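Beneath this line is the structure, given in C-alpha cells, with notes to follow.
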Amino acid sequence: MALMITDECISCGACEPECPNQAISQGDAHYVIDAARCTECVGAGDEPKCMAACPTDGSIVKDPSHVETQEQLQAKYETLH
Ligand code: SF4
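Heads up: the sequence shown begins at 26 in my numbering, then just goes up one per residue.
Right, here's the structure in full:
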C-alpha cells in the first residue's frame, strides 16, 4: 500500500529528501506522493522514512486506493532501483 499526504500537511518539505524512491514532490496545495514510486519504504528500511521525518501528526497516511502486498512493494522497489 502506498502512502498519501493529507490536507494536514504544512508544506515544510522535511519528507521530500528522505524518500529513497524520489516519490515525493511539491504539489499545488501541499506535498504529494507518487503511488507508483512509494513502497512504504519496503526494500529501504523498517519504517516509512517520510512519516518519521514529518513534524505533524497525521499528514502521511496509508492510501486505501493503492493496496499492495509486501511482495508487490518489494518487487516495485527492485524495479525502481
Ligand atoms: Fe517514499 Fe518511503 Fe514515504 Fe513511500 S513511505 S513516500 S517510499 S519515504
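All residues carry an ideal CB built from backbone N, CA and C; glycine is no exception. Just so it is clear, the structure is predicted and the values come from calculations on it, not from any experiment.
- Pairing Q95 with M26, the inter-Cα distance amounts to about 8 Å.
- Secondary structure note for Q47: it is in no alpha helix (DSSP H), with a DSSP letter that is neither H nor E.
- In summary, S84 is buried, with 16 or more beta-carbon neighbours lying within 10 Å of its beta-carbon over all protein chains present.
- K101 has its Cβ no nearer than 6 Å to any heavy atom of the ligand SF4.
- Relative to the ligand SF4, the beta carbon of K74 is positioned inside 6 Å of a heavy atom.
- Here M29 carries a strand assignment [DSSP, helix/strand/coil].
- Spatial neighbours of V67 in its own chain (CB-CB distance under 7 Å, excluding positions within 5 residues in sequence) are listed in chain order as Q95, L98, Q99, Y102.
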